[in-house]
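Residue numbers (our numbering): 44 to 309.
Put into structure tokens, the structure is as follows:
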């Protein structure tokens with residue numbers, strides 16, 4: 044479907060019974076992108092995945108970021124996330140479109156629109172130095188419509204700080220554990236809660252931490268069940284995954300897909 048005429052024709056076919064709603068939905072999912080030469084914007088990602096395309100700001104010029112965001116905004120996209128955006132690019136973007144800019148994690152939310160917050164995601168850090176990565180996760184999750192509770196500086200060097208928040212942890216549908224150094228926080232939380240834990244190793248630490256590699260390996264080797272691990276400093280990836288987990292409750296499989304419990308088509 045390349046234009047509004049194609050979409051209207053498809054909708055009329057559905058109304059006439061010539062195309063089933065399921066087939067129409069499939070065609071919407073396969074609809075094309077917009078080619079800006081330096082970027083190809085996928086407008087139907089929200090149809091396929093439930094969230095609009097996110098712009099990774101690092102490596103893009105301020106003008107490219109403005110061009111992508113403006114094109115998306117012209118198509119009615121709201122709450123456009125731009126991660127790892129420089130201050131220079133953020134200032135240029137603020138002059139062009141409505142933006143909420145968060146300098147600590149380097150995140151901008153263009154065309155911000157308040158959304159109803161669902162569920163509860165807890166974002167916890169080992170130390171204050173991990174907060175920039177944690178805020179990337181928290182703001183990503185909030186922008187995607189999740190209620191987020193922050194527990195910062197509750198690492199294993201003072202475990203009583205974490206244990207004093209057990210009621211908060213046990214009420215979460217997903218916990219994002221952000222830690223550098225030896226990365227032990229994820230294992231500790233994983234052994235306390237009854238929900239999935241998304242572990243985020245950070246590059247915080249002295250020389251032998253190898254820029255977060257030590258924390259990454261510790262988290263990958265966690266003996267706590269239910270822990271998954273994203274890449275070093277990948278707060279965005281953790282926030283996105285936590286959002287998917289938090290919002291899965293009540294989702295029904297589409298018609299015509301396999302029922303994995305019984306292996307039959309439903």
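Glycine included, each C-beta is placed from N, C-alpha and C at the ideal position.
Mind checking who residue 270 pairs with in its DSSP beta bridge? Answer is 240, bridged to residue 270.
Tell me the rounded alpha-carbon separation between residue 136 and residue 193. Going by the C-alpha atoms only, they are around 28 Å apart.
Under the three-state DSSP convention, the category residue 218 falls into: Under the three-state reduction of DSSP output, residue 218 falls in the strand class.
My parser needs the alpha helix (DSSP H) runs of 4 or more residues fully inside the region 151 to 218; what are they? Counting whole runs of 4 or more residues, the region 151 to 218 contains the alpha helix (DSSP H) stretches 174 to 186, 202 to 206, 209 to 213.
For the 8 Å Cβ check, are there 3 or more pairs between the region 146 to 153 and the region 177 to 187? Contact between the region 146 to 153 and the region 177 to 187 is present, because at least three Cβ pairs lie under 8 Å.
Inspect the beta-carbon positions of residue 242 and residue 220 and report whether they are closer than 7 Å. Cβ atoms of residue 242 and residue 220: closer than 7 Å.
Using CA atoms only, rank isn't needed, just tell me which of 143, 170, 122 is closest to residue 248. For residue 248, the closest of 143, 170, 122 by C-alpha to C-alpha distance is 170.
How would you label residue 52, buried or exposed, when you count the other beta carbons within 10 angstroms and need 16 or more for buried? With fewer than 16 other Cβ atoms within 10 Å, it is exposed.
Give a yes or no on whether the C-beta atoms belonging to residue 214 and residue 289 are separated by under 7 Å. Going by C-beta atoms, residue 214 is not nearer than 7 Å to residue 289.
For residue 285 and residue 174, I'd like the C-alpha separation in whole angstroms. Each residue's CA atom was taken as its position, placing residue 285 and residue 174 some 17 Å apart.
In the DSSP assignment, the beta strand (DSSP E) including residue 140 goes from what residue to what residue? Looking at the DSSP string, residue 140 is not in any beta strand (DSSP E), and its letter there is neither H nor E.
Inspect the beta-carbon positions of residue 261 and residue 226 and report whether they are closer than 7 Å. In this structure, residue 226 lies closer than 7 Å to residue 261 by Cβ.
Mind listing, in chain order, the continuous alpha helix (DSSP H) runs of no fewer than 4 residues lying wholly within the region 106 to 137? Counting whole runs of 4 or more residues, the region 106 to 137 contains the alpha helix (DSSP H) stretches 130 to 137.
Nearest-angstrom Cα separation, counted from residue 183 out to residue 13: What the structure shows of the chain is the stretch from 44 to 309, and residue 13 is not part of that stretch, so it cannot be assessed.
Helix, strand or coil at residue 249 [DSSP, three-state]: Coil.
Expressed to the nearest angstrom, what Euclidean distance is found between the alpha-carbon atoms of residue 228 and residue 218? It is roughly 11 Å from the alpha-carbon of residue 228 to the alpha-carbon of residue 218.
Measuring CB to CB, does residue 142 end up less than 7 Å from residue 151? It is a contact, given that the beta carbons lie within the stated cut-off.
Note down the Cα distance separating residue 256 from residue 265, rounded to an integer number of angstroms. Distance from the CA of residue 256 to the CA of residue 265, rounded to the nearest whole angstrom, comes to 14 Å.
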